[in-house]
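In this note's numbering, the protein residues as written are 2 to 215. Heads up: the structure comes next, in C-alpha coordinates.
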(Lines of atoms letter the chains of each structure in order from A and count residues from 1; the text may use other names and numbers.)
(Lines give C-alpha, C1' and ligand atoms only; values in the text may rest on other atoms or scores of the structure.)
Protein backbone atom coordinates (compact mmCIF):
# COMPACT_ATOMS: atom_id res chain seq x y z
CA UNK A 1 0.00 0.00 0.00
CA UNK A 2 1.38 3.39 -0.99
CA UNK A 3 1.86 6.15 1.52
CA UNK A 4 -0.54 8.41 -0.40
CA UNK A 5 -3.35 5.85 -0.27
CA UNK A 6 -2.72 5.19 3.40
CA UNK A 7 -2.83 8.92 4.15
CA UNK A 8 -6.11 9.23 2.24
CA UNK A 9 -7.71 6.46 4.30
CA UNK A 10 -6.47 8.02 7.54
CA UNK A 11 -7.80 11.42 6.48
CA UNK A 12 -11.20 9.94 5.67
CA UNK A 13 -11.37 8.17 9.03
CA UNK A 14 -10.38 11.31 10.95
CA UNK A 15 -12.87 13.44 9.00
CA UNK A 16 -15.62 10.93 9.76
CA UNK A 17 -14.81 11.06 13.47
CA UNK A 18 -14.69 14.87 13.41
CA UNK A 19 -18.17 15.11 11.91
CA UNK A 20 -19.59 12.37 14.14
CA UNK A 21 -18.15 13.69 17.40
CA UNK A 22 -18.63 17.35 16.60
CA UNK A 23 -22.28 17.06 15.58
CA UNK A 24 -24.81 17.98 18.29
CA UNK A 25 -25.74 14.85 20.21
CA UNK A 26 -26.46 13.76 23.79
CA UNK A 27 -22.85 14.07 24.97
CA UNK A 28 -22.20 17.46 23.37
CA UNK A 29 -25.56 18.78 24.52
CA UNK A 30 -24.88 17.62 28.08
CA UNK A 31 -21.48 19.35 28.10
CA UNK A 32 -23.01 22.49 26.65
CA UNK A 33 -25.81 22.53 29.23
CA UNK A 34 -23.42 21.88 32.10
CA UNK A 35 -21.09 24.67 30.93
CA UNK A 36 -23.85 27.25 30.68
CA UNK A 37 -25.63 26.13 33.84
CA UNK A 38 -22.77 25.39 36.25
CA UNK A 39 -19.63 26.87 34.70
CA UNK A 40 -16.32 25.78 33.27
CA UNK A 41 -14.94 23.41 35.91
CA UNK A 42 -17.94 21.04 36.01
CA UNK A 43 -18.19 21.09 32.21
CA UNK A 44 -14.50 20.20 31.80
CA UNK A 45 -14.79 17.26 34.20
CA UNK A 46 -17.90 16.05 32.41
CA UNK A 47 -16.07 16.39 29.10
CA UNK A 48 -13.13 14.44 30.51
CA UNK A 49 -15.47 11.56 31.29
CA UNK A 50 -16.96 11.67 27.80
CA UNK A 51 -13.49 11.69 26.23
CA UNK A 52 -12.38 8.74 28.37
CA UNK A 53 -15.45 6.73 27.40
CA UNK A 54 -14.79 7.47 23.75
CA UNK A 55 -11.14 6.46 24.07
CA UNK A 56 -12.15 3.21 25.76
CA UNK A 57 -14.26 2.11 22.80
CA UNK A 58 -11.69 3.42 20.33
CA UNK A 59 -8.90 1.32 21.82
CA UNK A 60 -11.14 -1.76 21.88
CA UNK A 61 -12.05 -1.18 18.25
CA UNK A 62 -8.38 -0.86 17.30
CA UNK A 63 -7.60 -4.12 19.11
CA UNK A 64 -10.54 -5.86 17.48
CA UNK A 65 -12.20 -6.71 20.79
CA UNK A 66 -15.28 -4.59 20.20
CA UNK A 67 -16.05 -6.70 17.12
CA UNK A 68 -16.57 -9.60 19.48
CA UNK A 69 -18.87 -7.48 21.66
CA UNK A 70 -20.90 -6.46 18.64
CA UNK A 71 -21.12 -10.10 17.54
CA UNK A 72 -22.88 -11.14 20.74
CA UNK A 73 -26.39 -9.82 20.21
CA UNK A 74 -27.53 -10.44 23.80
CA UNK A 75 -24.81 -8.23 25.25
CA UNK A 76 -25.45 -5.50 22.70
CA UNK A 77 -29.19 -5.55 23.41
CA UNK A 78 -28.53 -5.24 27.15
CA UNK A 79 -26.27 -2.24 26.53
CA UNK A 80 -28.94 -0.61 24.38
CA UNK A 81 -31.56 -1.04 27.10
CA UNK A 82 -29.27 0.33 29.83
CA UNK A 83 -28.13 3.22 27.63
CA UNK A 84 -31.69 4.02 26.56
CA UNK A 85 -32.97 4.09 30.13
CA UNK A 86 -30.05 6.28 31.21
CA UNK A 87 -30.78 8.80 28.43
CA UNK A 88 -34.48 8.82 29.33
CA UNK A 89 -33.53 9.59 32.93
CA UNK A 90 -31.47 12.55 31.70
CA UNK A 91 -34.45 13.60 29.56
CA UNK A 92 -36.70 13.50 32.62
CA UNK A 93 -34.29 15.68 34.62
CA UNK A 94 -34.01 18.25 31.82
CA UNK A 95 -37.78 18.19 31.22
CA UNK A 96 -38.47 18.78 34.89
CA UNK A 97 -36.07 21.75 34.89
CA UNK A 98 -37.72 23.16 31.76
CA UNK A 99 -41.17 22.96 33.34
CA UNK A 100 -40.19 25.24 36.20
CA UNK A 101 -40.54 29.01 35.58
CA UNK A 102 -37.45 29.71 37.68
CA UNK A 103 -34.47 27.43 38.06
CA UNK A 104 -34.11 26.21 41.64
CA UNK A 105 -31.32 28.14 43.33
CA UNK A 106 -29.62 24.94 44.38
CA UNK A 107 -29.52 23.36 40.92
CA UNK A 108 -26.53 25.25 39.54
CA UNK A 109 -24.86 25.25 42.94
CA UNK A 110 -25.18 21.48 43.27
CA UNK A 111 -23.67 20.94 39.82
CA UNK A 112 -20.89 23.45 40.43
CA UNK A 113 -20.04 21.86 43.79
CA UNK A 114 -20.26 18.26 42.60
CA UNK A 115 -17.04 16.34 43.02
CA UNK A 116 -14.74 15.90 40.05
CA UNK A 117 -15.19 12.14 40.37
CA UNK A 118 -18.99 12.40 40.17
CA UNK A 119 -18.89 14.62 37.10
CA UNK A 120 -16.23 12.48 35.43
CA UNK A 121 -18.16 9.26 35.99
CA UNK A 122 -21.35 10.89 34.72
CA UNK A 123 -19.63 11.79 31.46
CA UNK A 124 -17.99 8.38 31.12
CA UNK A 125 -21.33 6.63 31.71
CA UNK A 126 -22.85 8.48 28.75
CA UNK A 127 -20.35 6.88 26.38
CA UNK A 128 -19.80 3.54 28.06
CA UNK A 129 -23.52 2.75 27.95
CA UNK A 130 -23.90 3.91 24.35
CA UNK A 131 -23.64 1.03 21.85
CA UNK A 132 -23.62 3.60 19.05
CA UNK A 133 -20.10 4.48 20.20
CA UNK A 134 -18.94 0.91 19.58
CA UNK A 135 -20.46 0.76 16.11
CA UNK A 136 -19.17 4.23 15.19
CA UNK A 137 -15.64 3.30 16.19
CA UNK A 138 -15.84 0.05 14.23
CA UNK A 139 -16.87 1.99 11.13
CA UNK A 140 -14.12 4.57 11.61
CA UNK A 141 -11.39 1.97 12.14
CA UNK A 142 -12.66 -0.01 9.15
CA UNK A 143 -12.35 3.08 6.96
CA UNK A 144 -8.67 3.28 7.88
CA UNK A 145 -7.99 -0.42 7.29
CA UNK A 146 -8.34 -1.23 3.60
CA UNK A 147 -7.00 -4.59 2.37
CA UNK A 148 -3.27 -4.88 2.97
CA UNK A 149 -3.05 -2.16 5.58
CA UNK A 150 -0.84 -2.92 8.60
CA UNK A 151 -2.60 -3.25 11.95
CA UNK A 152 -0.65 -0.26 13.25
CA UNK A 153 -2.87 1.94 11.08
CA UNK A 154 -5.79 1.24 13.43
CA UNK A 155 -3.77 2.53 16.36
CA UNK A 156 -2.77 5.59 14.34
CA UNK A 157 -6.36 6.47 13.48
CA UNK A 158 -7.44 6.05 17.11
CA UNK A 159 -4.57 8.25 18.30
CA UNK A 160 -5.59 10.97 15.85
CA UNK A 161 -9.23 10.69 16.91
CA UNK A 162 -8.19 10.97 20.56
CA UNK A 163 -6.61 14.35 19.81
CA UNK A 164 -9.71 15.45 17.91
CA UNK A 165 -11.92 14.24 20.78
CA UNK A 166 -10.07 16.40 23.28
CA UNK A 167 -10.38 19.45 21.01
CA UNK A 168 -14.08 18.86 20.35
CA UNK A 169 -15.44 17.95 23.78
CA UNK A 170 -13.23 20.29 25.79
CA UNK A 171 -13.90 22.95 23.18
CA UNK A 172 -17.63 22.68 23.88
CA UNK A 173 -16.94 23.03 27.61
CA UNK A 174 -14.79 26.14 27.12
CA UNK A 175 -16.94 27.83 24.48
CA UNK A 176 -20.24 27.51 26.34
CA UNK A 177 -18.89 28.47 29.75
CA UNK A 178 -18.10 32.03 28.70
CA UNK A 179 -20.01 34.91 30.36
CA UNK A 180 -21.90 35.55 27.12
CA UNK A 181 -23.02 31.92 26.85
CA UNK A 182 -24.11 31.88 30.48
CA UNK A 183 -26.15 35.06 29.97
CA UNK A 184 -27.84 33.37 27.02
CA UNK A 185 -28.59 30.37 29.23
CA UNK A 186 -30.11 32.60 31.90
CA UNK A 187 -32.54 34.20 29.45
CA UNK A 188 -33.33 31.05 27.44
CA UNK A 189 -32.94 28.42 30.16
CA UNK A 190 -36.36 26.78 29.75
CA UNK A 191 -35.99 26.49 25.97
CA UNK A 192 -32.50 25.04 26.27
CA UNK A 193 -33.53 22.56 28.97
CA UNK A 194 -36.48 21.59 26.78
CA UNK A 195 -34.12 21.03 23.85
CA UNK A 196 -31.89 18.85 26.04
CA UNK A 197 -34.92 16.85 27.14
CA UNK A 198 -35.94 16.33 23.51
CA UNK A 199 -32.46 15.23 22.43
CA UNK A 200 -32.01 12.85 25.36
CA UNK A 201 -35.53 11.50 25.01
CA UNK A 202 -35.26 10.91 21.27
CA UNK A 203 -31.89 9.18 21.61
CA UNK A 204 -33.11 7.06 24.52
CA UNK A 205 -36.26 5.93 22.71
CA UNK A 206 -34.28 5.13 19.57
CA UNK A 207 -31.93 2.92 21.58
CA UNK A 208 -34.79 1.10 23.29
CA UNK A 209 -36.59 0.69 19.96
CA UNK A 210 -33.50 -0.75 18.30
CA UNK A 211 -33.10 -3.18 21.21
CA UNK A 212 -36.65 -4.51 20.84
CA UNK A 213 -36.30 -4.88 17.06
CA UNK A 214 -32.84 -6.46 17.16
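Where is the CB? At the ideal position from N, CA and C, for every residue including glycine.
In terms of Cα proximity to residue 87, the closest of 48, 55, 127, 189 is 127. In this structure, the alpha-carbon of residue 179 lies about 22 Å from that of residue 98. In this model, residue 171 and residue 47 are separated by some 9 Å (Cα to Cα). In the structure shown, residue 38 adopts helical secondary structure according to DSSP, grouped into three states. Contact between the stretch 8-25 and the stretch 133-141 is present, with at least three C-beta pairs closer than 8 Å.
Comparing alpha-carbon positions, the option among 8, 58, 35, 17 lying closest to residue 190 turns out to be 35.
The stretch 42-59 and the stretch 157-173 touch, with three or more beta-carbon pairs separated by less than 8 Å. Residues of the same chain with a CB within less than 7 Å of the CB of residue 57, apart from the 5 flanking positions on each side, are 129 in chain order.
In its chain, beyond the 5 residues on either side, 52 have a beta carbon closer than 8 Å to the beta carbon of residue 167. Under the DSSP assignment, residue 188 falls in the alpha helix (DSSP H) whose first and last residues are 180-188. In terms of Cβ geometry, residue 158 and residue 14 form a close pair [threshold 8 Å]. Secondary structure of residue 28 (DSSP, three-state): helix.
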